[in-house]
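Visitor:
Chains as they are written, first to last, in the numbering used here: chain A, 205 to 317; chain B, 43 to 157.
1) Spatial neighbours of residue 292 of chain A within its chain, please: C-beta separation below 6 Å, excluding the five flanking residues on both sides.
2) Tell me whether residue 317 of chain A sits in a helix, a strand or coil according to DSSP, three-state version.
3) Would you kindly report the start and end of the unbroken beta strand (DSSP E) that includes residue 64 of chain B?
4) What's the gap between the Cα of residue 220 of chain A and the Cα of residue 47 of chain B?
5) For residue 284 of chain A and residue 122 of chain B, what's the separation of their Cα atoms in angstroms?
6) With a 10 Å radius around its C-beta and 16 neighbouring C-beta atoms as the bar for buried, classify residue 65 of chain B as buried or exposed.
7) Could you check whether the Cβ of residue 214 of chain A sits closer than 9 Å to any Cβ belonging to chain B?
8) Using the Cα positions of residue 279 of chain A and residue 316 of chain A, report the straight-line distance between them to the nearest angstrom.
9) My output table needs one value for residue 285 of chain A: the three-state DSSP class, helix, strand or coil.
10) Going along the chain, which residues of its own chain have a beta-carbon closer than 6 Å to the beta-carbon of residue 93 of chain B, five neighbours each way excluded?
11) Exposed or buried, residue 240 of chain A, counting other C-beta atoms within 10 Å across all chains shown (16 or more means buried)?
12) Comparing alpha-carbon positions, which option in A:242, A:312, A:250, A:236 lies nearest residue 275 of chain A?
13) In chain B, what lies closer than 7 Å to residue 308 of chain A by C-beta?
14) Look at residue 144 of chain B and residue 305 of chain A and say whether their C-beta atoms are less than 9 Å apart.
15) So what's residue 128 of chain B in DSSP terms, helix, strand or just coil?
16) In the structure shown, what three-state DSSP assignment does residue 217 of chain A receive?
17) Please report the distance separating the alpha-carbon of residue 258 of chain A from that of residue 265 of chain A.
18) Just to confirm my understanding: we take residue 155 of chain B, look at its own chain, exclude 5 residues before and 5 after, and list those with CB closer than 8 Å. What are they?
19) Could you spell out where the beta strand (DSSP E) holding residue 155 of chain B opens and where it closes?
20) Given a cut-off of 9 Å, decide if residue 86 of chain B and residue 214 of chain A are closer than it, judged by their beta-carbon atoms.
21) Going by alpha carbons, who is nearest to residue 255 of chain A out of A:312, A:268, A:225, A:261?
22) Is the beta carbon of residue 90 of chain B less than 9 Å from the beta carbon of residue 76 of chain B?
23) Run down chain A in chain order and give the residues with a C-beta less than 7 Å from the C-beta of residue 88 of chain B.
In structure tokens, the structure reads:
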């Protein structure tokens, strides 16, 4: 089982619609979780950190479910510019791992007019 | 977040030559820098972790003598791909992390093509 798993998609989303997708992680001791966005042939950019209580940033809402070991990202009122690959990133918090982050394979979202 | 630059943004070189990629943290004291590689349609793969002033820690399967990393200051790390081969063609991305958080900020990447 991969440490961080994501549905690769693509999720085809009509403009203005809501889309949500999950990411599961295998290490129950993980403490830090992030969503990054990566555009084609560009570097990942931090979208938001995910906190235990869940958090919202504009049209984006992230949730953490520790019991089931998944995090989710919901995008409301999708814009064409939201088309990207969304990377789920986890800090496994294993001493031997140091400060390394573990990346999921990404979920591709395509917002269409 | 931190502003990170990489140079060059793209490079084409002949097989057998060496290529040096610079990663600079412009406004951030980067105690730790990371080097990743990303092949087309794949996710980022960590190559090595470097802490300022000490030797880099390489991931399993990454040859330290082939991918030389120098982290001489809190704002600069370099990755040298020695004796590059076509299979080394990839997107190389650095990231920086400060001492106070787990968030990483990425440079714009360097696209290496070895012919």
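Even for Gly, the Cβ is constructed at its ideal location relative to N, Cα and C.
Guide: With the given structure in hand:
1) 208, 210, 227, 308
2) coil
3) 61-67
4) 34 Å
5) 38 Å
6) buried
7) Chain B places no beta carbon closer than 9 Å to that of residue 214 of chain A, leaving this residue out of the contacts.
8) 14 Å
9) helix
10) 74
11) buried
12) Nearest to residue 275 of chain A by alpha-carbon distance, out of A:242, A:312, A:250, A:236, is A:236.
13) 85
14) By the CB criterion at 9 Å, residue 144 of chain B and residue 305 of chain A fall inside the cutoff.
15) helix
16) strand
17) When rounded, the separation of the alpha-carbon atoms in residue 258 of chain A and residue 265 of chain A is 7 Å.
18) Answer for residue 155 of chain B: 52, 53, 54, 55, 131, listed in chain order.
19) In the DSSP annotation of this structure, the continuous segment of the beta strand (DSSP E) that includes residue 155 of chain B starts and ends at 152-156.
20) no
21) A:268
22) yes
23) 304
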